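Here the structure is laid out as structure tokens; the discussion comes afterwards.
Residue numbers (our numbering): 329 to 418.
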């Protein structure tokens with residue numbers, strides 16, 4: 329299989345054409361929301377700690393989406409770029 333026919337190369341080429349900003353928003357937001365839901369469920373069911381105030385809830389929401397999701401999206405972007413460049417190098 330040639331590198332141009334590799335499913336990863338085809339998919340990542342389309343993603344990278346849309347740009348980092350769109351990737352950060354789509355991937356970071358979806359991962360951040362998922363992370364927030366998991367952490368909230370963990371706090372509620374396992375730790376048996378509900379949020380005391382709305383402000384604490386909102387702070388954790390912002391932190392998990394912006395930092396957790398954003399960091400995840402940045403890391404995966406750079407890893408995928410590395411793999412893409414390695415596969416298309418030849």
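We put the beta carbon where it would ideally sit given N, CA and C, even for glycine. Owing to the predicted nature of the structure, the values given are computational and were not obtained by experimental measurement.
Would the beta-carbon of residue i fall within 9 Å of that of residue j?
i, j, result
"residue 336", "residue 411", "yes"
Below 8 Å on the Cβ atoms is my guess for residue i versus residue j; work out the distance and round it to an integer in Å.
i, j, result
"residue 401", "residue 367", "Incorrect: roughly 18 Å between the Cβ atoms, too far for contact."
"residue 360", "residue 387", "Rounded, the Cβ-Cβ distance is 14 Å, inconsistent with contact."
"residue 397", "residue 356", "4 Å"
"residue 413", "residue 331", "Actually they do not touch by this definition, with Cβ atoms about 11 Å apart."
"residue 385", "residue 379", "4 Å"
For the alpha helix (DSSP H) containing residue i, name the first residue and the last one.
i, result
"residue 357", "357-369"
"residue 378", "Residue 378 -> no alpha helix (DSSP H), and no H or E assigned at all."
"residue 352", "It is not in any alpha helix (DSSP H) - residue 352 carries neither H nor E in the DSSP assignment."
Under a three-way DSSP split, which group does residue i fall into?
i, result
"residue 333", "helix"
"residue 417", "coil"
"residue 347", "coil"
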